[in-house]
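Going by the numbering used here, the residue at position 231 of the sequence shown is 275; the numbering climbs one at a time, nothing skipped.
Each residue gets a CB set at the ideal place from its N, CA and C atoms; glycine is no exception.
Working notes for the structure below.
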Amino acid sequence: MNKKIAVIKGDGIGPEIVSEAVKVLDKAAEKYAHTFEYTQLLMGGCSIDVNGVPLTDETIAACKASDAVLMGSIGGDTTTSPWYKLPANLRPEAGLLKIRKELGLFANLRPCLLYPQLSGACPLKEEISSNGFDMLIMRELTGGLYFGERRTEEVDGVMTAVDTLSYNENEIRRIAIKAFEVAMKRSKKVTSVDKANVLDSSRLWRKVVTEVAADYPEVTLEHMLVDNTAMQLVKNPAQFDVMVTENMFGDILSDEASMITGSIGMLPSASMNETKFGLYEPSGGSAPDIAGQNKANPIATILSAAMMLRYSFDMTDEADAVDAAVKQTLNDGFRTGDIMSDGCKMVSCSEMGDLICERI
Ligand code: IPM
Ligand code: MG
45 MNKKIAVIKG DGIGPEIVSE AVKVLDKAAE KYAHTFEYTQ LLMGGCSIDV
95 NGVPLTDETI AACKASDAVL MGSIGGDTTT SPWYKLPANL RPEAGLLKIR
145 KELGLFANLR PCLLYPQLSG ACPLKEEISS NGFDMLIMRE LTGGLYFGER
195 RTEEVDGVMT AVDTLSYNEN EIRRIAIKAF EVAMKRSKKV TSVDKANVLD
245 SSRLWRKVVT EVAADYPEVT LEHMLVDNTA MQLVKNPAQF DVMVTENMFG
295 DILSDEASMI TGSIGMLPSA SMNETKFGLY EPSGGSAPDI AGQNKANPIA
345 TILSAAMMLR YSFDMTDEAD AVDAAVKQTL NDGFRTGDIM SDGCKMVSCS
395 EMGDLICERI
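So this is what it looks like as C-alpha cells:
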C-alpha cells in the first residue's frame with residue numbers, strides 16, 4: 045500500500061522522537077512492502093518563529109490531503125520562552141487546539157498499560173502494581189471547557205474570568221459510540237466519568253451514555269464521579285477497561301494514568317474523526333529541559349505510529365510487529381533514562397529507535 049503521512053515534528057524533543065518513529069515506520073514499510081510518503085509540516089513554536097502563527101492554513105490543508113498525521117510535541121518553557129509573551133491565541137498550544145477542531149478529531153484514545161517489565165518504575169505499592177492494568181482512556185477532544193465561550197472582563201470594577209463547559213447530545217453520543225465500539229474489541233467494560241452530582245453537562249452526559257449502552261448489551265456500563273475516579277486510579281487501576289470522559293477530565297485523568305505506567309514517555313495516543321483519519325502523537329509534552337540531548341524516550345511516539353498502522357491503515361500485522369518489537373526491546377533490558385532501573389542497559393533516544401527496528 046502507498047500512504048501519505050503528514051509529519052509535524054514540533055518543538056522541544058519533538059524532532060528527536062518523531063525521527064525514531066519514522067525510522068520504525070520505514071522498517072515496517074520495507075518488511076511488509078509498503079511505501080510511506082512523508083510531508084514535513086510546521087506547527088507550534090517553530091511555526092511561530094517562521095510564520096508568526098502557531099498553525100497556518102497551508103499546514104491544515106496539507107494534513108487534510110494526507111492519510112494520517114504523525115506528530116511529536118509542541119510548546120516550550122512557559123516561564124522563559126518568548127512564545128508565552130504572545131497573546132493566548134498565538135501561543136503554541138493554540139495551534140494544537142485549532143488543528144484538533146479543524147480536522148474534527150473528537151475522539152482521543154489514550155491506552156495506558158503497565159508493562160510487566162516496567163512494574164519497578166510504577167510508583168504504586170507492589171500489592172497494587174502486581175495485578176497489572178490495561179485501560180484505554182477515551183477523551184472527548186473538541187468540546188467542553190476547552191472550546192466553550194470564554195472571556196476576561198471587568199464587572200463592577202472587579203476583574204472576572206469566565207469559561208464555559210458545554211456539550212450537546214450529539215457530541216456526547218458520538219464519543220460514547222466510539223467508547224462502546226472499542227470496548228467490544230477489549231474486555232467489554234465502559235466506565236463513564238462525570239460530575240453528575242454537580243454539573244448539568246454531566247447529567248446530560250450520563251443520560252446519553254446510558255442510552256447508547258442499550259445498543260451494546262454485551263458491554264457492562266458503570267458511571268463514576270471524576271473525583272472518585274482520580275482516587276480509584278491509584279487504588280485499583282486494574283478495575284478499568286475503557287474509560288470515557290469529557291475533554292478536561294480526560295486531560296487530567298490521562299496524566300494521572302500515565303504516571304502509574306512508570307513514565308509518560310511510554311504513552312501513545314490517537315485522535316480520530318468519524319472516518320479512519322487520525323492524528324497520532326505521544327501523550328507527553330515537549331520536555332524542553334532535555335531537548336536536543338538525544339535522551340528522550342521515543343517509545344510513546346513509536347507506539348503512536350503503531351496505532352496509525354492499526355487504526356488508519358488497517359495494517360494489523362504491521363502494528364502487532366511494532367508493538368512486539370517494543371516489548372522485546374524492553375525484555376532484552378534496554379531502557380532510556382526515564383524508565384531506567386538496576387541491571388538494565390541505558391540507551392539514547394536514537395539507540396532505542398535502532399534497537400526496536402532491529403526487532404521488527
Ligand atoms: C494534552 C495536552 C494539551 C491538552 C495541551 C498541550 C493543550 O496537555 O494533549 O493532553 O490539554 O489537551
Ligand atoms: Mg494533557
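With a threshold of 16 other CB atoms inside 10 Å of the CB of residue i, please say whether the residue is buried or exposed.
i, result
"Arg194", "exposed"
"Ser174", "exposed"
"Pro131", "exposed"
"Pro155", "buried"
"Thr319", "exposed"
"Asn212", "exposed"
"Asp207", "exposed"
"Ala349", "buried"
"Ala222", "Note that residue 222 corresponds to Lys in the displayed sequence, not to Ala. Buried."
"Thr235", "buried"
"Ala14", "The chain is shown only over 45 to 404; residue 14 falls outside these bounds and no answer can be derived."
"Lys108", "exposed"
"Asp295", "buried"
"Asp333", "exposed"
"Val202", "exposed"
"Pro38", "Residue 38 cannot be examined here, being either before or after the span of the chain that is shown, 45 to 404."
"Thr289", "buried"
"Gly187", "buried"
Which first and last residues belong to the alpha helix (DSSP H) in which residue i is found?
i, result
"Ile346", "Ile343 to Met351"
"Gln84", "No alpha helix (DSSP H) holds Gln84; the beta strand (DSSP E) holding it covers Thr79 to Leu85."
"Ala363", "Thr360 to Asn375"
"Met275", "Val270 to Lys279"
"Thr254", "Asp244 to Ala257"
Check each candidate in the options and name the one with the smallest Cα separation from residue i.
i, options, result
"Gln337", "Ser91, Asn317, Pro59 and Phe293", "Pro59"
"Lys339", "Leu374, Leu243 and Cys393", "Cys393"
"Glu74", "Gly381, Val366 and Leu140", "Val366"
"Lys229", "Glu171, Gly201, Ala205 and Glu262", "Glu262"
"Tyr260", "Ala227, Lys47 and Glu325", "Ala227"
"Phe284", "Ala165, Lys129, Asp382 and Gly176", "Gly176"
"Met351", "Tyr324, Asn341 and Ala369", "Tyr324"
"Gly397", "Val62, Asp295 and Asp121", "Val62"
"Lys389", "Phe378, Asp101, Ser327 and Ser231", "Phe378"
"Leu140", "Tyr128, Met87 and Asp361", "Met87"
"Asn341", "Glu255, Ile400 and Ser231", "Ile400"
"Leu347", "Lys47, Met115 and Gly54", "Met115"
"Glu402", "Leu69, Asp55, Ala301 and Ile52", "Leu69"
"Met287", "Ile104, Val199, Gly54 and Lys233", "Lys233"
"Pro167", "Thr124, Thr264, Thr305 and Asp299", "Thr305"
"Ala106", "Leu311, Leu134 and Tyr82", "Tyr82"
"Ile92", "Thr79, Val66, Gly120 and Leu157", "Gly120"
"Ser231", "Met179, Thr123 and Leu134", "Met179"
"Asn272", "Leu297, Leu265, Leu248 and Ala258", "Leu297"
Kindly indicate which three-state DSSP category residue i falls into: helix, strand or coil?
i, result
"Leu168", "coil"
"Leu99", "coil"
"Ile49", "strand"
"Lys233", "strand"
"Asp331", "For clarity, residue 331 is Ala in the given sequence; the question names Asp instead. It is coil, neither helix nor strand."
"Thr264", "strand"
"Ser307", "coil"
"Arg144", "helix"
"Leu114", "strand"
"Tyr211", "coil"
"Glu193", "coil"
"Val391", "coil"
"Thr204", "strand"
"Arg135", "coil"
"Gly54", "strand"
"Phe293", "helix"
"Asp238", "strand"
Between residue i and residue j, which are expected to be in contact by the criterion C-beta below 8 Å, what is the C-beta distance as a whole number of angstroms?
i, j, result
"Asn95", "Ser315", "With a Cβ gap of about 23 Å, Asn95 and Ser315 do not count as contacting."
"Ala50", "Val113", "4 Å"
"Met45", "Phe357", "7 Å"
"Lys239", "Val278", "Their Cβ separation, rounded to whole angstroms, is 19 Å, which puts Lys239 and Val278 out of contact at 8 Å."
"Pro136", "Pro98", "5 Å"
"Val253", "Ala220", "5 Å"
"Ser330", "Ser117", "4 Å"
"Thr360", "Gly309", "Not quite, the Cβ-Cβ distance comes to about 25 Å (not below 8 Å), so this is no contact."
I'd like the span of the beta strand (DSSP E) that includes residue i, first residue to last.
i, result
"Met287", "Val286 to Thr289"
"Pro155", "Ala151 to Leu157"
"Leu180", "Asp178 to Glu184"
"Tyr426", "There is no way to answer for residue 426, as the model of the chain reaches only from 45 to 404."
"Glu325", "Gly322 to Pro326"
"Ser125", "It is not in any beta strand (DSSP E) - Ser125 carries neither H nor E in the DSSP assignment."
"Ala314", "Pro312 to Met316"
Next item on the list: Pull every residue with its beta-carbon under 5 Å away from any heavy atom of the ligand NAD, and keep them in chain order.
Entry: As for the ligand NAD, it is missing from this structure, which binds only the ligand IPM and the ligand MG.
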